[in-house]
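Visitor:
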């Protein structure tokens, strides 16, 4: 039983480490921190293995990506609060950068589930069913969240 579990962890690590590391690096903008985060993800998986062993490979991948995203976002948020803050009232940026900044701030104001659906579908190119598996909800729910997110952005 213990050997099966260690083989599961090894196979998950071999299959998904690079993808999780790229995802963490996307959020943190720091390769070293991203690698540390992915190691923390696998420590979490090892200590909560009972949650993973009976899942399909697709769901395991989804959970790994969800955990990685959460840990990376938390690390980025805590690092951002410690190092700097941007005063949006006095921040002057060129027109294109300003639009990008406004877009990012609109996304941040969305409810968390809507943000995730928008990021998975629009930014990462997931199909609705893949985003649904990753988020642990129905495909129709993801479609509705993306539709509402687009409406939100249009104002």
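Residue numbers (our numbering): 8 to 162. Note that CB positions come from ideal geometry on N, CA and C, so glycine has one too. In this text, all values refer to a predicted model and were calculated from it rather than measured experimentally.
1. Here's the rule: buried if 16 or more other CB atoms are within 10 angstroms of the residue's CB, otherwise exposed. What is residue 67?
2. Should the region 14–34 be called in touch with the region 73–84, which here means at least 3 C-beta pairs below 8 Å?
3. May I have the straight-line CA-CA distance separating residue 161 from residue 152, to the nearest angstrom?
4. Have a look at residue 22 and residue 121 and give me their C-alpha separation to the nearest angstrom.
5. Look up residue 61 in the DSSP assignment and say whether it is helix, strand or coil.
6. Starting from the Cα of residue 51, find the closest Cα among 144, 85, 16, 83 and give me that residue.
Guide: Put simply:
1. Indexing the chain shown from 1 puts residue 67 at position 60. Flag for residue 67 reads buried.
2. Taking a cut-off of 8 Å for Cβ pairs, the region 14–34 and the region 73–84 touch, as three or more such pairs fall below it.
3. The residue labelled residue 161 in the question sits at position 154 within the chain shown. The residue labelled residue 152 in the question sits at position 145 within the chain shown. When rounded, the distance between both Cα atoms is 14 Å.
4. Within the chain shown, residue 22 is the residue found at index 15, counting from 1. Within the chain shown, residue 121 is the residue found at index 114, counting from 1. Residue 22 and residue 121 have their C-alpha atoms some 28 Å from each other.
5. Start at 1 with the first residue of the chain shown, and residue 61 comes out as number 54. Coil at residue 61, not helix or strand.
6. Along the chain shown, read from residue 1 onward, the residue named residue 51 stands at position 44. Residue 16 is the option with its Cα nearest to residue 51.
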